[in-house]
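Residue numbers (our numbering): 2 to 156.
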């Protein structure tokens, strides 16, 4: 297991101000995204993925759950979700699905280069079937679930 301390750069949720989506090749697409809170601070919000493939500005807190729905298309090489800071070009969390190599890559980018990545097995996707990705904002990490299955507990 790679712990947060193994990464040279660790960012605050306060620094994340946009979510970007790469639909991928061969027709895979993200259809919509929501950000909800598990606490009383904020009411749930819903964000439609636009043709610009980004949402912003956003404000994330511990307990928020980012839920993105996608439609998988057989033959897709890769598709991803990124939690970023637009001004600094830092990528606080890069979640990259790579069906061509049956892996999921999680990583950060400090604004000039990629940091150490973590890989795990790709969940099963079915052609033309919707899937759900949840990114749970925890105190010091992100938890990632795909269709209810925990992919990573503490990135």
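Using N, Cα and C, we set each Cβ at its ideal position, and we do this for glycine too.
Under DSSP, residue 19 takes part in a beta bridge, and its partners are 85. Rounded to the nearest whole angstrom, the CA to CA distance from residue 20 to residue 85 is 6 Å. Its Cα nearest to that of residue 111, the residue 89 stands out among 132, 125, 89, 124. Here residue 96 carries a strand assignment [DSSP, helix/strand/coil]. Put simply, of 93, 128, 121 the residue whose alpha carbon is nearest the alpha carbon of residue 113 is 93. Taking a C-beta distance under 8 Å as the contact criterion, residue 127 and residue 96 do not qualify as a contact pair.
When the five nearest sequence neighbours on each side are left out, the beta carbons in the same chain lying within less than 6 Å of the beta carbon of residue 17 are those of 61, 84, 93, in order along the chain. Secondary structure at residue 72: strand, using DSSP grouped into helix, strand and coil. DSSP places residue 108 inside the beta strand (DSSP E), whose first and last residues are 104-110.
As the crow flies, the alpha-carbon of residue 118 is around 6 Å from that of residue 107. Pairing residue 105 with residue 120 gives a Cβ-Cβ distance under 8 Å. Taking C-beta separations shorter than 6 Å and ignoring five residues to either side along the sequence, the partners of residue 63 in its chain run 138, 140, following chain order. Just measuring C-alpha positions, the residue of 59, 74, 155 sitting nearest residue 98 is 74.
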